[in-house]
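Some notes on the structure that comes next.
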Amino acid sequence: MSRIAKNPVLIPEKVEVALGQSDVTVKGPLGTLKQALSRDVVVKVEGSQVTFAAANGSIQANAMSGTMRAIVANMVHGVKQGFEKKLSLVGVGYKAQAQGNKLNLALGFSHPIVHLLPDGVKAETPTQTEIVIKGVDRQKVGQVAAEIRAYKSPEPYKGKGVRYTGETVVIKETKKK
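Reading the sequence shown from the start, the letters are residues 4 to 180 in the working numbering.
Right, dumping it as structure tokens:
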């Protein structure tokens, strides 16, 4: 059995976990998330915890039991507290502005970039060079942050571009004559 799957997921107050035939639904104060279950995993809701076990002794079932446990734990955390990723813009004239479900970016190109945010994900801009992406689904929040970073990833000579807050960019030394 997977070491991760041995630990049960504790269900906090105000969060409900419901098992269906082929999916698990988690409801909480911030929203509702649904995930399809694998046939290789046996999931049980017992009181205030969810347990996971491999359905058979295969390597695939063992791996999927730990994966499903991690996914459900992230779902419980997401509907209770939510997830956020912070991005910072480094460069002269680089700025961002959030408007509803759109994020307007000026990243040194000849045209502005308008990034449409999917449902369940919000973007805030406390300053022009900071972006905070929030949502209940960890995978969606991380994917949106990666897509925004991909527009202009940090370059190694001056460090200009979009980077995660706290990310270190190794600056290369320029060529000497």
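For each residue, glycine too, the CB sits at the ideal point set by N, CA and C.
- The alpha-carbon of His118 is positioned some 8 Å away from that of Leu108.
- Burial check for Asp140: the Cβ neighbour count within 10 Å reaches 16 or more, so the residue is buried.
- With a contact defined as Cβ atoms closer than 8 Å, Thr70 and Pro11 miss out at about 15 Å.
- Counting every other CB atom within 10 Å of its CB across the protein chains shown gives Gly31 a total of 16 or more, marking it as buried.
- Separation of the CB atoms of Ala64 and Ala58 is rounded to 5 Å, and the pair is thereby assigned contact status at 8 Å.
- Judged by DSSP secondary structure, Thr70 falls outside any beta strand (DSSP E) and instead within the alpha helix (DSSP H) spanning Ile62 to Lys83.
- For Gly145, the three-state secondary structure derived from DSSP is helix.
- Note that the C-beta distance between Ser25 and Val44 is not below 7 Å.
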